[in-house]
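Have a look at the structure below, then the notes.
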Amino acid sequence: MGTIHSVIPLEGYRLLIELDTGSSIIVNLAGKLKTARFAELSDQAVFNNVKIYRETVIWGDGVLKIPLFELINVAVNGM
Numbered sequence: 001m002g003t004i005h006s007v008i009p010l011e012g013y014r015l016l017i018e019l020d021t022g023s024s025i026i027v028n029l030a031g032k033l034k035t036a037r038f039a040e041l042s043d044q045a046v047f048n049n050v051k052i053y054r055e056t057v058i059w060g061d062g063v064l065k066i067p068l069f070e071l072i073n074v075a076v077n078g079m
């Protein structure tokens with residue numbers, strides 16, 4: 001599966017995830033913003049402050065995070 005090499009926030013609440021294998025995926029998180037878990041990401045400034053921590057993308061101090069396997073699931077299944 002690889003490890004996360006970089007994450008770039010895109011318009012429309014999407015993330016470009018680049019893996020160390022050279023592969024990349026675009027994950028659309030717009031549908032997740034209506035959930036209690038991800039509601040704070042609807043603030044574009046918060047969403048754009050995304051970082052990598054191990055196999056996870058995080059926002060802020062890491063309280064809000066999504067592991068790579070979940071990002072792939074969202075990209076593939078939209079869930």
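Counting from 1, one number per residue, gives the positions in the sequence shown under the UniProt record's numbering.
Where a beta carbon is used, it is the ideal one built from N, C-alpha and C, also for glycine.
Predicted, not measured: the structure shown is a model, and the values here were computed from it.
**Report entry** Nearest-angstrom Cα separation, counted from L16 out to V27
**Finding:** 7 Å
Requested in this report: Name the two residues that bound the continuous beta strand (DSSP E) containing N28.
Outcome: S24 to N28
Report task. Throw me the rounded Cβ distance for the F47 and P9 pair, which I believe falls under 8 Å. Result -> 6 Å
Query - Strand pairing of S6, partner residues [DSSP] - result: E18
Requested in this report: Measuring alpha carbon to alpha carbon, tell me which of A45, G31, Q44 and A36 ends up nearest N77.
Outcome: G31
Report task. Report yes if the C-beta distance between V50 and V57 is below 9 Å; otherwise report no. Result -> yes
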